[in-house]
Structures are given as structure tokens and as C-alpha cells.
Amino acid sequence: MSSPSSPTDEESVQDTRPPEGKDRAQYGVCAFLALLGTAVIVDGLGIPHITSGTDPVGPRAVPLILGVLLVVIAALYAVDVARGGRGEPEAGEDVDLTQGSDWRTVLLLIGAFVVNAVLIERLGWVISGSLLFWGTAFALGNRHYVRNLLIAVTLSLTTFYAFAIGLGVNLPAGVLQGIL
Amino acid sequence: MDNLNNLMQGFADVVAPMNLLLALIGVVIGTAVGVLPGIGPAMTVALLLPITYGMEPVQAFIMFAGIFYGGMYGGSTTSILLNTPGESSSVVTAIEGNKMAKAGRAAQALATAAIGSFVAGTIGTLLLVLVTPFVVDFAVSLGAPDYFALMLLSFIAVTSVLGSSRIRGLISLLLGLTIGLVGIDAVSGQQRLTLGIPQLADGIDVVVVAVGIFAVGEALWVAAHLRRRPAEIIPVGRPWMGAKDWKRSWKPWLRGTAYGFPFGALPAGGAEIPTFLSYTTEKRLTKHPEEFGKGAIEGVAGPEAANNASAAGTLVPMLALGLPTNATAAVMLAAFQSYGIQPGPLLFDREASLVWVLIASLFVGNLLLLLLNLPLAPAWAKLLRIPRPYLYAGILFFASMGAYAVNAQPLDLFVLLVLGLLGFAMRRFGLPVLPLIVGVILGPRAELQGRRSLQLSGGDLSGLVGGPVSYAVYTTIVLALLWPLVRRFVVRPLRERSA
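Chains as they are written, first to last, in the working numbering: chain A, 1 to 180; chain B, 1001 to 1499.
Here it is as C-alpha cells:
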């Protein structure tokens, strides 16, 4: 899924696209990796060191190694960024990278997503799934409210009957239990 | 001969009317979802995996085989008609394919892709039948140190050989290994990185990871940069080829197959290298060099065949060793695991009927795909016009449904969202996705094999080296790691001196 035309090595990045300056947001990724590594180490230290004849290594070794590697890679990445390294954002048919990120849409999508996660067991998939589809279509800029509601309800009813009842997939009926 | 009997039994199972129907459904929805822009084969398989959860394993895998090839073919349709490869493996197909479509030869491009995929898929699956038993015989003799070495090789391969930047590949791999660490340690029963949340004790399901990173991450990423003007789609009639097109296509199909299968079957293979090799070969051998760059049919026929043959090839290490080498195989491996089946050399003994049904379904699915896609191509092309808000709303809808269905717990939806945001960030910073998925799947198993190796040596690190395979693999790893240094200090100075 990764973009195949991205730069090949740290050095060639400088060769091909020097004029754009550094992508400083990458330092945020370094910080995240360092924090994650520290968290993994701390969690690893909290695991009791249990070894036995059949398991001389115990459960602690791998988390500790991994945590250290995360911290090391965070440092290496920071060096790469400082030297002007950058990853190429993924392109795609519907992706327009000339504009900045549209955070409003992303936040609305996350909102619709969370609503579904919170309501799915209480109200059931048919209702929460309809809300999810309607909400995400709205977030993405579609303003046919009634038509979208019809599509959303049809989609969640169809998936419920086809998958939950037809194929035995786990989907909750929620408040509509006994009605569907 | 025993395998032939098994395969025949597999065919007998698949052609039962109900199973044939499932194969047909798999091919249709696989293609339909794969055609949708922005959805590559791996995402197709990940999104559709949960719908098979209520089925018996045999039925599920029959459907799955259809989804697998359907998703592959759907992806090449998108790249030809939109010039937008869903996955790096169809990048090369898009080069000439889209040029052909723009020159009014979309029908021929789709036809040579469909028939070439069929030819390559059939030959590839045949080779799979022939080669896998040997790999299994060989794999049975491997010990824990050999497996550990092979898994390390997979890690190195996905991060540095195929990836664009080693550091970024490694970051992705380490993130995957960290996700794979979450849960109860299989050996000692200790909780690791579970944050005290009981639902995390079983670990984060690979399907949730794949759907989160592929589907939710992609939807969020596109949503943040949605092109308001829809991309231009080339109208297409029913695919057909004239005698001249056949004459120009059949050799590239066979050559592409010859490139694709071996690369796919290597534990460090993939589809990028063989599709590219096929393209350059056809460009060199063609009698119509003037057409290359303007839509030469050889440039579609060869790479598309290489792509499909490589997909069949990846099933060899996936089934025989339990090693996934591309994203689609990684998700397939997750599908096996969700049924409590562990691919590897013992699979052919323990689940023989299942494996042969799967292989037979690959043949059947491939044939169904050809029969279906030649007449239905114009209908698939219409799917490209789906309004983008509905497309991405639909992706999030099915992603949520699938992730919930895995364990029926709402917490998975929050995990899915977090992983989706991670997928978003990875797309923003150009971190490749495949190493993460491979890390999640192979990480826990590599740890297990490593600990098993050290158990034999009583904790001494020398236990990690043992068996001929581990020596060969470690040599390969060292060479792969040293290659950039060699290039920098040996190859480049030499070239500069000669220049």
C-alpha cells in the first residue's frame, strides 16, 4: 500500500527534493517513538522475571529489547530528519496533496465513529450503523440528508439480515431485539 | 500421486452446488470491492474476512479463494481505467494500461489483463501444487533456530529490501512488533502491555489491525485530502482482443508468469520486482518499441501475468512455512489463525482436506473470474463512479462491522480507531504499511521460536544458530544489511573511477 515512488535512500532524498526544507512534524514521530519505547521498557520492567528450565528467557527479554530498539530508532530517525530526510505522503486517485489537511472532516469522521462504538451494544447495529453511515457521509460533504438516511438504513438492515442472521456473524440487535 | 488424489477430492468438494455458489459470491464481491478506487487486494481481503466468520472453515476458504483472485483482478481494472494502482504490485500495469485506455483501447487492455491473469493464475496454482509438497518435506526437517532465522529474514526483507527507506521500514516493523506484544505471553502467562484492560489479554486481533491500518487509515487519509473534482474515468465496452492482440500477448503472459512465481515463492519475495522485470523485458523484446510509453499491450500482458503468478507464489511460503511475504498473504494467514489453524509444514498433514479444497478453489475461482469479468467489465467500470462520500462512508461502515464481529466487543472499535489514526499518520509520514502487518503476525511467533531455540541451549545465545538453513539465512541477512555499505564504499567509487 505504500507509495512505490518514494525516495530510495536517505542520501537520494537530498538529491531529488532539496528545496522544500525540512518536514519538522517528523520530530513529533521521533518523540512518539521514544515515548512508546520508554513505555514498553517500563511495562517490561514491571513483568515478573519468571524463568524455568523450559523457558530460560522469560517474558521480560523481548519487551526490553523491543523498547530499546524503539528508542534507538527514534534517535536514528531524528538524525535522518535533521539531515533533511522525509517520507513521501501517500498519493492516490482521490487524494489531492496540494491542499493542506482538512481537519474538520477528519474530526467529524472520528465523531461518527465514536458514536457508533458507544451506541452499538445499547441501540444495536441497525441503528448505530445507520448513524455511522449517515454521519460519515455528512462529514465527507454529502448533503442529501433524506436520501442518505434511506441508504444508511437499507445498508444496515441488509448487512444485519445477511451477515448476522444469514451467515451467523456477531452483530448486536440492541433495542430492536425481538423486532428484527 | 497422493497429492493428485487429494486435489481431486478438493475439486469434488468445491463443485458441490452450495460451495460453487460460495465461490461465485466470493469472486463477485471480491471483484466488486477490489474495483472500488482506493481499495487494494489486501484491504479487500481484510474487509471481507469477517463475513466468513459464521461459516465452517471449508466453506470460508472456498469463498476466500474467490475473494483473493477477485480482489486482485478488481485492482488491475482500477489501475487501467483510472491510472491509480491500489497496490504497489499494479503500478507497472497502470503505466501502459492507462495509456492504452486513453488511446481508446481500454477493452483490449482489460482483456489482456483478464486472460493474462487467468493464464498466470492457473499456471501459478499448478506450480503451487507441484512445489509446495517439496517445500513441506524440507520444512518438516527445520528446527526452531531455522524458523527463527527465516522469520528474521522476513523482517529484514519487508523493511529494507523492498521498502523505500530502511529507517521508515524499521519504524513500521517495530510498531508492528509492539502491537503484537500486547496480550498474555504464551509461555509464561504474564500480561504484557495490556494496561490492565482485560479485553486486551487475548491480544489485538490481526484482523482489527489490518482493517484499522488499511481501511480506516486510508479512509481518514483520503478524507483529509479529498479531491473535490472526481477523477476522469474512461468509458469501456466489453473486453475483447483481435488476433493481433492475442499474438502479441501470449508470450508476455508466459514470460510474466515465469518471473512472477519464483519471486512470489521466495521467503523475501514480492510482486514489485517481477512486474518491473517483466515490463523491462517486454520493452526490450517487443517488435513495436515505438508503442511503449503510448500504450503497448505487451506492457500490460506481461506485468499483469507476473503480478498474478507472484500472488500464487506467495501462497507457497504462506502455506508451507507460515511466512507471509505480502500484505494479502498476511491477511490470509490471519484468516487461518482465526480458525485456530496454524499454517506451516504440519498443515498438510493436519488439515489436508482444507488445504486441498483451498487450492482447488483457487483454480475454480480463477476460471469463474474469467467467465465473469469479460462480460461484466462495463458494470465494474460503473463502480468507479460511486460518489466519494458514499465510498468512504461505506468503507468505514464495513470496517466497523468487521472489527466488531471479530470478538463482539465495542472496545475493538476504539482500538480500530486508534489504529486508523496510526494508519493515517503512517500515510502522512510515508511509513510503509506492510512491515507493520508482518510484524504483528510474525512477531509473537518469532519470539516463540527464539525462546524455543534458547531452551535447547539452556539460554546460551549460541542456540539461535543451528541447522543449515539458519547459517544460510544469517549469511543472506548479513549480505542484505551490508549491501548499502558495499555500494557506497566499493561500487560507487569504482563507478566514479571508470566514469
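Just so it is clear, CB atoms sit at the ideal spot from N, CA and C, and this is done for glycine as well.
Three-state secondary structure (DSSP) of Asp1503 of chain B: Outside the displayed range of chain B (1001 to 1499) lies residue 1503 of chain B, so it cannot be described from this structure.
Taking 8 Å as the CB-CB limit, is Trp1221 of chain B close to chain A? One-based indexing of the second sequence puts residue 1221 of chain B at position 221. Put simply, the CB of Trp1221 of chain B is near chain A, with a gap under 8 Å to one of its CB atoms.
Using 8 Å as the limit for Cβ to Cβ distance, is Asp15 of chain A near chain B? As a position in the first sequence, residue 15 of chain A is number 15, starting the count at 1. Only weak support exists for where Asp15 of chain A lies, its pLDDT of 40 falling under 50; the value from the coordinates is given anyway. For Asp15 of chain A, the nearest beta carbon of chain B is not closer than 8 Å to its own beta carbon.
Take Pro63 of chain A as the anchor and find which of A:Ala173, A:Gly46 and A:Ala78 has the nearest alpha-carbon. By one-based count along the first sequence, residue 63 of chain A stands at place 63. If we check each option's Cα against that of Pro63 of chain A, A:Gly46 comes out closest.
Does the pairing of the region 1002-1014 of chain B with the region 1036-1051 of chain B give three or more beta-carbon distances under 8 Å? Taking a cut-off of 8 Å for Cβ pairs, the region 1002-1014 of chain B and the region 1036-1051 of chain B do not touch, as fewer than three such pairs fall below it.
Given that a residue counts as buried once 16 or more other Cβ atoms are within 10 Å of its Cβ, and exposed if not, what is Val1418 of chain B? For this step, residue 1418 of chain B is matched to residue 418 along the second sequence. So Val1418 of chain B ends up on the exposed side.
Straight-line CA distance for Phe1118 of chain B to Ala1306 of chain B? Looking up residue 1118 of chain B in the second sequence gives position 118. Looking up residue 1306 of chain B in the second sequence gives position 306. Computed Cα separation, rounded: 11 Å.
Between B:Glu1218, B:Leu1372, B:Leu1422 and B:Leu1485, which lies nearest to Pro1037 of chain B when the distance is taken from Cα to Cα? Sequence index remark: in the second sequence, residue 1037 of chain B carries index 37 (1-based). Each of B:Glu1218, B:Leu1372, B:Leu1422 and B:Leu1485 was checked against the Cα of Pro1037 of chain B, and the nearest Cα belongs to B:Glu1218.
Would you give the residue range spanned by the alpha helix (DSSP H) that Thr1476 of chain B belongs to? Position 476 of the second sequence holds residue 1476 of chain B. Run containing Thr1476 of chain B: Pro1468 to Val1486, per the alpha helix (DSSP H) assignment.
Only counting the same chain, and skipping five residues up and downstream in sequence, which positions put a Cβ closer than 7 Å to that of Met1071 of chain B? Position 71 of the second sequence, counting from 1, holds the residue named residue 1071 of chain B. One point to set straight first is that residue 1071 of chain B is Gly, not Met, in the sequence displayed. Result list for Gly1071 of chain B: Gly1030, Val1033, Gly1034, Pro1041, Thr1044 and Val1045, in chain order.
Please list the partners that Gly129 of chain A has in chain B, where partner means a Cβ-to-Cβ separation under 9 Å. The count along the first sequence starts at 1 and reaches residue 129 of chain A at position 129. Contact annotation for Gly129 of chain A against chain B: Phe1397, Ser1400 and Met1401 [CB-CB distance below 9 Å, chain order].
Give me the residue from A:Val169, A:Ala173 and A:Arg122 with the minimum Cα distance to Met1055 of chain B. In the second sequence, counting from the first residue as 1, residue 1055 of chain B sits at position 55. The alpha carbon of Met1055 of chain B has as its nearest neighbour, out of A:Val169, A:Ala173 and A:Arg122, the alpha carbon of A:Val169.
Which bits of chain A does Met1241 of chain B rub up against, with CB to CB less than 8 Å? Stepping through the second sequence from its first residue, residue 1241 of chain B is reached at position 241. The contacting residues do not exist; Met1241 of chain B stays about 26 Å from chain A at best.
With three or more C-beta pairs closer than 8 Å as the rule, is the region 105-114 of chain A touching the region 1230-1250 of chain B? Segments in contact, no.
Contact the region 55-71 of chain A vs the region 1169-1187 of chain B: 3+ CB pairs below 8 Å: Inter-segment contact for the region 55-71 of chain A and the region 1169-1187 of chain B is present: three or more beta-carbon pairs are separated by less than 8 Å.
Which residues, in chain order, does the region 1436-1460 of chain B contribute to contact with chain A at a C-beta distance below 7 Å? The residues in question are Glu1447, Arg1451, Leu1454, Gln1455, Gly1458 and Gly1459.
Determine the contact status of Asn1308 of chain B and Gly1124 of chain B, defining contact as a CB-CB distance below 8 Å. For the purposes of this step, residue 1308 of chain B is identified with residue 308 of the second sequence, where counting begins at 1. For the purposes of this step, residue 1124 of chain B is identified with residue 124 of the second sequence, where counting begins at 1. Between Asn1308 of chain B and Gly1124 of chain B, the CB-CB gap stays under 8 Å.
Cβ-Cβ separation, Gly1074 of chain B to Ser1249 of chain B (assumed contact under 8 Å), whole Å: Numbered from its first residue, the second sequence carries residue 1249 of chain B at position 249. Numbered from its first residue, the second sequence carries residue 1074 of chain B at position 74. By a beta-carbon distance limit of 8 Å, Ser1249 of chain B does not contact Gly1074 of chain B. Their separation comes to about 20 Å.
With a threshold of 16 other CB atoms inside 10 Å of the CB of Ile179 of chain A, please say whether the residue is buried or exposed. The residue given as residue 179 of chain A occupies position 179 in the first sequence. Exposed: under 16 other Cβ atoms inside 10 Å.
Here's a check: name, in chain order, each residue in its chain whose Cβ is nearer than 7 Å to the Cβ of Val1364 of chain B, leaving out the five neighbours to either side. Position 364 of the second sequence holds residue 1364 of chain B. Apart from sequence neighbours up to five positions away, the residues of its chain that approach Val1364 of chain B with a beta-carbon distance below 7 Å are Val1014 and Ala1023, ordered along the chain.
Would Gly1340 of chain B pass as a contact of Lys1099 of chain B if the rule is Cβ separation under 8 Å? Taking the first residue of the second sequence as position 1, residue 1340 of chain B is located at position 340. Taking the first residue of the second sequence as position 1, residue 1099 of chain B is located at position 99. Their beta carbons are not under 8 Å apart, which means Gly1340 of chain B does not touch Lys1099 of chain B by this criterion.
Looking at Ile1297 of chain B: is its Cβ nearer than 8 Å to the Cβ of Asp1245 of chain B? Along the second sequence, read from residue 1 onward, the residue named residue 1297 of chain B stands at position 297. Along the second sequence, read from residue 1 onward, the residue named residue 1245 of chain B stands at position 245. In contact: Ile1297 of chain B and Asp1245 of chain B (Cβ atoms closer than 8 Å).
Go ahead and label Gln1449 of chain B buried or exposed: buried means 16 or more other beta carbons lie within 10 angstroms of its beta carbon, across all protein chains shown. Position 449 of the second sequence, counting from 1, holds the residue named residue 1449 of chain B. Buried.
N-terminal and C-terminal residue of the alpha helix (DSSP H) that Thr1052 of chain B is part of: Along the second sequence, read from residue 1 onward, the residue named residue 1052 of chain B stands at position 52. For Thr1052 of chain B, no alpha helix (DSSP H) run applies, since DSSP gives it neither H nor E.
Distance CB(Leu1153 of chain B)-CB(Ile1477 of chain B) smaller than 8 Å: In the second sequence, the residue the question calls residue 1153 of chain B occupies position 153. In the second sequence, the residue the question calls residue 1477 of chain B occupies position 477. Contact flag set, yes.
Selected residue, minimal CA-CA separation from Leu1411 of chain B, among A:Asn116, A:Phe138, A:Gly141 and A:Cys30: Stepping through the second sequence from its first residue, residue 1411 of chain B is reached at position 411. Considering only alpha carbons, the answer is A:Asn116.
Verify the CB distance criterion: does Leu1170 of chain B have a CB-CB separation below 8 Å to chain A? Walking along the second sequence from the start, residue 1170 of chain B turns up at place 170. It does: the Cβ of Leu1170 of chain B has a partner Cβ on chain A nearer than 8 Å.
Which chain B residues sit within Cβ distance under 8 Å of Ile50 of chain A? For the purposes of this step, residue 50 of chain A is taken as residue 50 along the first sequence, with counting starting at 1. Within chain B, the residues near Ile50 of chain A are Ser1188 and Gln1190.
By the three-class DSSP mapping on this structure, what secondary structure does Gly1256 of chain B have? Counted from its first residue, the second sequence places residue 1256 of chain B at position 256. Here Gly1256 of chain B sits in helix by DSSP.
Compare the C-beta of Tyr77 of chain A against all C-beta atoms of chain B and say whether one is closer than 8 Å. By 1-based counting over the first sequence, the position of residue 77 of chain A is 77. Using a Cβ-Cβ cut-off of 8 Å, Tyr77 of chain A counts as an interface residue toward chain B, since at least one Cβ of chain B sits closer than that to its own.
For Asp55 of chain A, which three-state DSSP category applies? If you number the first sequence from 1, residue 55 of chain A lands on position 55. The three-state reading of DSSP puts Asp55 of chain A in strand, counting E and B together.
Is the beta carbon of Leu1354 of chain B sitting closer than 8 Å to the one on Val1129 of chain B? Stepping through the second sequence from its first residue, residue 1354 of chain B is reached at position 354. Stepping through the second sequence from its first residue, residue 1129 of chain B is reached at position 129. The Cβ atoms of Leu1354 of chain B and Val1129 of chain B lie no closer than 8 Å to each other.
Starting from the Cα of Gly37 of chain A, find the closest Cα among B:Gln1108, B:Gly1121, B:Leu1126 and B:Gly1176 and give me that residue. As a first step, residue 37 of chain A is located in the first sequence; it is residue number 37 there, counting from the start. Cα-wise, what sits closest to Gly37 of chain A is B:Gly1176.
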